[in-house]
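Read through the structure below, which is laid out as structure tokens, and then see the notes.
Number of protein chains: 2
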Amino acid sequence: MEVVNKYVSHKHHVDGYPSESDFELATTPLQPAPGSDEVIVKNLFLSIDPYQLNRMKRYSSSHTAITAASKIEPGQARRIDAYGVGKVVASGRAELEEGDVVAGLLGWEQYTVVRPGTVLMKVDAKDLPISYYANVLGEYSLHLHQIKEHKKDAQIDAMIFLTTATGPSGLTAFAGFYDVCKPKKGEKVFISAASGSVGSLVGQYAKLSGCYVVGCAGSKQKVDLLKGKLGFDDAFNYKEEADLKSALRRYFPEGIDIYFDNVGAAMLEAAVANMNPFGRVAVCGAISEYTNAGERAAPDLIDIIYKRITLRGFLSVDYLHLHEQFSAATSDHLRRGRMIALEDVSVGIESVPTAFVGLFRGDNVGKKLVRVGELEG
Amino acid sequence: MEVVNKYVSHKHHVDGYPSESDFELATTPLQPAPGSDEVIVKNLFLSIDPYQLNRMKRYSSSHTAITAASKIEPGQARRIDAYGVGKVVASGRAELEEGDVVAGLLGWEQYTVVRPGTVLMKVDAKDLPISYYANVLGEYSLHLHQIKEHKKDAQIDAMIFLTTATGPSGLTAFAGFYDVCKPKKGEKVFISAASGSVGSLVGQYAKLSGCYVVGCAGSKQKVDLLKGKLGFDDAFNYKEEADLKSALRRYFPEGIDIYFDNVGAAMLEAAVANMNPFGRVAVCGAISEYTNAGERAAPDLIDIIYKRITLRGFLSVDYLHLHEQFSAATSDHLRRGRMIALEDVSVGIESVPTAFVGLFRGDNVGKKLVRVGELEG
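Those protein sequences? They're chains A and B, same order as listed. The first sequence begins at 1 in UniProt numbering and counts up by one. The second sequence begins at 1 in UniProt numbering and counts up by one.
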């Protein structure tokens, strides 16, 4: 019996806000047997992330910065890739067998044929939910060993770049907070999109580090979650603030030492205006600029100079050397209940477009995942 | 006989481009004898710097960032302070005597009564012109020992801040280039306002470090100077470029690794667009934003993230620990002719307003100084 693989593709380039009608569900017969070193994976959980929009654009500086390969043309055979967890249904690799649960770079589809050279990590999911491996505990999947060994090599650079945008939120939060922000106990930390996949983890790391933590989000439900379940010291709904500068002055009467930026634009300007001398901004994401190329943060350079502020863009792929430390510490925090992995799960490959579009409407609370298949059966 | 002290003050707050008519020359009798620990200095060379405009504004974030003391009200008894070199004409301090040449924080006047607690450094000007001590070889003058010892103290912080903006161009260039930009041999360095006091030194340090160096400036004369006398690899007149992004793409076909920013605004955006992965921007000045609060750089955050760019504001006061290293290396370069200190000298206290206003018109070539008195007599 021929197995059918349902997948989601974008019908045309997507340059502004995405909408459900930009996508279509299609089917293709599943390759019946894996080629040499190929693995056929039944996808279970897919990570849905804002950066994927940049892949669909006619032009994005992310396409050309190192390689053109991060652009995906509409209707292309290549899927929108997505970090995820799946189950091996057929393997041409000696080290993997049917039934193994693996994490790696999969795609917006029910089954992914994982090509030779692409790393799949076996997941030992006994004590934590397997969805965590598409989320907080995710690892880099693509050419991990090569990245580790040949980080200076130009060809590998291109691959790093491909991998880059699929960085799992856990390592992104960990490396961004500890290495880029270099927190000290008692410092005042502000996080935008704080109930999102990365922000919610950064806030929890910051609390565990003895910082004072305020987050912003886009609904009362999210604000309550930040102050309640996640233990933030305070939180606010940015949509209710006409003047972001004044709002931050109210929440940080002693100024901001660290700003973990997931949104860019006016919030970044307001944060810089409220920063303390030697303040640090980790530029992790700019979701409010992804959908609107005209929207740009223009922080006051006089502030940046006089307050000796550092703004630093980063990608978690540069922090593979921290992965073991991150993974051990974070698994331990999760097991002991000192940290919570917020997951917002939709069900079925059909729900991918809505899940993705919802990211830009702020629908998700925590990490957005789509469960496209069941472990059993 | 009563000695008269001529000085220049601003008649009102200066919020846009300054013009000569914003200033007036006035006179006041010179205090006949110094009080205890006071020193009366006959000013010889005054350093004229763009940041002084921020002191005259009705509002600038530089006023409130740490202390309000950096704002100087119109007509106030307090002069616009200026780093400079002078000759002691009367001393209430044991360690200084009449005839000593000193460097320190002086003012827009012929004579400055230097108050207790303000450091004056004796200048041993045997082998280099004394003007260099108001310029490339200047040192911090205000409470230097206190700054060194008590850097964490809040009260001292305010003083650091006062001192801050009077950082001598040499240490600014040295610390900004070596510590903030962390250059590697062969890297591609772009410098704006490259014929200015700091830019001209950064370019020379960069060449000495084996970098490829391109500068921009605002006239053919300056461009020729950069390529000729200062040994830049290339240079261009930004006023002749309709599209700064394309211009930088032409001058840096392999991309920019380091951008030493003295101007902000559109040039910063264009530089970020042309940067290589792991590029560094030292935000040293933003002269094009000083005169126009509406003018703001809005660099593309997607570039900053994907290319892992660091933008860092800095002030040379944070680099006092590098002063000895800087001073020894730079004096040696100057003596051996491996570096040139560009000086643009006007004569007479009356020329201060034109000298200052000219900074914003790009009149100066190299460090702008006013010779307000003669060493002899």
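Cβ atoms here follow ideal geometry from the backbone N, Cα and C, with glycine treated the same way.
Endpoints, the alpha helix (DSSP H) within which E24 of chain B is located: Careful: E24 of chain B lies outside any alpha helix (DSSP H), inside the beta strand (DSSP E) at 23-29.
Under the three-state DSSP convention, the category R115 of chain A falls into: Coil, per DSSP.
Bounding residues of the beta strand (DSSP E) (the contiguous stretch that carries N276 of chain B): Counting along the chain, N276 of chain B sits inside the beta strand (DSSP E) bounded by residues 275-283.
Contacting positions in the segment 304-322 of chain A - beta carbon closer than 8 Å to chain B: Listed by position, the residues of the segment 304-322 of chain A near chain B (Cβ gap below 8 Å) are I304, I305, Y306, K307, R308, I309, T310, L311, R312, G313, F314, L315, D318.
N364 of chain A - DSSP class collapsed to helix/strand/coil: Coil at N364 of chain A, not helix or strand.
Chain-ordered neighbours of G285 of chain A on chain B, where CB pairs are closer than 8 Å: Ordered by position in chain B, the residues that pass the 8 Å Cβ test against G285 of chain A are I305.
Partner residues on chain B for E289 of chain A, Cβ-Cβ distance less than 9 Å: For a Cβ distance threshold of 9 Å, residue set D300, L301, I302 of chain B lies close to E289 of chain A, ordered along the chain.
Whole-angstrom C-beta distance between V272 of chain A and I309 of chain A, which should lie under 8 Å: Taking 8 Å as the upper bound for CB-CB distance, I309 of chain A and V272 of chain A are in contact here, some 6 Å apart.
Assumed close pair E269 of chain A, A247 of chain A - CB separation to whole angstroms, cut-off 8 Å: Taking a contact as a CB-CB distance under 8 Å, the pair E269 of chain A and A247 of chain A does not count as one, their CB atoms being some 12 Å apart.
Own chain partners of G199 of chain B with C-beta closer than 6 Å, once the 5 adjacent residues on each side are dropped: If we look at G199 of chain B and ignore the five residues flanking it on each side, its Cβ neighbours are I191, A193, N262.
C-alpha gap between P353 of chain B and P277 of chain B, whole angstroms: Taking the CA atoms as reference points, P353 of chain B sits about 43 Å from P277 of chain B.
Validate contact between the segment 97-111 of chain B and the segment 41-60 of chain B using beta carbons, cut 8 Å, 3 pairs: Three or more Cβ pairs drawn from the segment 97-111 of chain B and the segment 41-60 of chain B lie within less than 8 Å of each other, which places the two stretches in contact.
Exposure label - Y212 of chain B; buried when at least 16 CB within 10 Å: Of the residues assessed, Y212 of chain B falls on the buried side of the cut-off, its CB having 16 or more other CB atoms within 10 angstroms.
Proximity to K368 of chain A [Cα-Cα], best of A:E374, A:Y132, A:V223: Distance from the Cα of K368 of chain A is smallest, within the candidate group A:E374, A:Y132, A:V223, for A:Y132.
With 16 other Cβ atoms within 10 Å as the buried cut-off, status of G377 of chain B: Taking all protein chains shown into account, G377 of chain B has fewer than 16 neighbouring C-beta atoms within 10 Å of its C-beta and is therefore exposed.
Spatial neighbours of A165 of chain B in its chain, beta-carbon cut-off 6 Å, leaving aside the 5 residues before and after: Because the pLDDT at A165 of chain B is just 40, under 50, the model does not fix this residue reliably, and the value given afterwards should be weighed accordingly. Around A165 of chain B: Y51.
L234 of chain A - partner residues in DSSP beta bridges: First, the residue type needs correcting, since residue 234 of chain A is Asp and not Leu in the sequence shown. Answer is A:V214.
According to DSSP, residues forming a beta bridge with G84 of chain A: Bridge partners of G84 of chain A according to DSSP: A:L46, A:G104.
For S9 of chain A, the first and last residue of its enclosing beta strand (DSSP E): That run of the beta strand (DSSP E) goes 4-10.
Any chain B beta carbon closer than 9 Å to S192 of chain A: For S192 of chain A, the answer is no, since every Cβ of chain B falls outside 9 Å of its Cβ.
Segment contact, 8 Å Cβ cut-off, at least three pairs: the segment 16-23 of chain A with the segment 91-105 of chain A: Proximity of the segment 16-23 of chain A to the segment 91-105 of chain A falls short of the contact definition, fewer than three beta-carbon pairs being nearer than 8 Å.
Within chain C, the residues that A297 of chain B reaches when beta carbons sit closer than 9 Å: As a matter of chain content, chain C is missing from the structure shown, whose protein chains are A and B.
CB contact below 9 Å: L369 of chain A versus chain B: No, because no Cβ of chain B sits closer than 9 Å to the Cβ of L369 of chain A.
Which of helix, strand or coil DSSP assigns to S197 of chain A: S197 of chain A carries a helical assignment under DSSP once its states are collapsed to helix, strand and coil.
DSSP bridge partner residues for S91 of chain B (one or two, in chain order): Note: S91 of chain B sits in a beta bridge opposite B:V39.
Neighbour list for S327 of chain B in chain A, Cβ cutoff strictly below 7 Å: Within chain A, no residue has its beta carbon less than 7 Å from that of S327 of chain B; the closest one is some 22 Å off.
Exposure label - A265 of chain B; buried when at least 16 CB within 10 Å: Result: buried.
Span of the alpha helix (DSSP H) around R246 of chain A: First, the residue type needs correcting, since residue 246 of chain A is Ser and not Arg in the sequence shown. Residues 244-251.
Backbone secondary structure at Y259 of chain A - three-state DSSP: Three-state DSSP puts Y259 of chain A in a strand.
Cutoff 9 Å: N54 of chain B Cβ touching any chain A Cβ: Yes, because at least one Cβ of chain A sits closer than 9 Å to the Cβ of N54 of chain B.
Proximity winner among A:L106, A:P116, A:G348, relative to A134 of chain A (alpha-carbon distances): Cα-wise, what sits closest to A134 of chain A is A:L106.
Neighbour flag for S60 of chain A against chain B, beta carbons, 9 Å: Proximity of S60 of chain A to chain B, defined by a Cβ-Cβ separation below 9 Å, is satisfied.
Nearest candidate by alpha-carbon position, reference A175 of chain B, set B:S21, B:A282, B:E241: Comparing Cα positions, the closest option is B:A282.
CA nearest to the CA of T27 of chain B, picked from B:G35, B:E2, B:D49, B:S47: Across the set B:G35, B:E2, B:D49, B:S47, the C-alpha of B:E2 shows the shortest separation from the C-alpha of T27 of chain B.
K207 of chain B vs D224 of chain B beta-carbon contact at 9 Å: For K207 of chain B and D224 of chain B, no; Cβs fall outside 9 Å.
Residues of its chain near K151 of chain B, where Cβ-Cβ distance is below 6 Å and the 5 sequence neighbours each way are ignored: Caution applies to K151 of chain B, whose pLDDT of 41 falls short of 50 and renders its modelled position unreliable; the value that the coordinates give is listed next. The answer is none, since no qualifying residue turns up.
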